[in-house]
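Start counting the sequence shown at 1; every next residue gets the next number (this note's numbering). Ideal Cβ positions, reconstructed from N, Cα and C, are used throughout, including at glycine. Scroll down for the structure; my scribbles are underneath it.
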Amino acid sequence: MSNIGWFDRPRDLAVSHLLGAAALGLCVGFVIAVNMGPDPVSSGEIRDLTVVPRSSVAFPDRLKFGPYFCEGDCAGHSAGWDWGRAKRAKSTDDCSGSGSTSFHEGCLFYVQVRGYEEDEW
């Protein structure tokens, strides 16, 4: 074995690790860029938006309505969402006073999705 070949191996290994790290960084950056959705939903889009309760990843036996856990079939959350849409709620203050936690959370989720828009529709 020649000494030149022995000394070339660490350099080649370092270059291959550097190229691998760069490729991994590009892949991760691409995945992040693709998964970044658009900013808040426009007022035209939110009129037709339907939210469907889904199973939680962490707790598959529980349903979630957006970020909120539901009790039962999420009827209270759906009612809060529909109420927020009907009243054109623009802030979390518009959702207060309902008395029901699930109804309140449904309205809050509507406001969060709406993105606190200030325009009139």
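With fewer than 16 other beta carbons inside 10 angstroms of its own, R54 counts as exposed. Between G66 and S102, the gap from beta carbon to beta carbon reaches 8 Å or more. Around T92, the same chain offers L108 and V111 as residues with beta carbons nearer than 8 Å, after the five sequence neighbours per side are excluded. In this chain, K64 is not harboured by any alpha helix (DSSP H); it is covered by the beta strand (DSSP E) spanning L63 to F65.
Per DSSP, the beta-bridge partners of R54 are K64.
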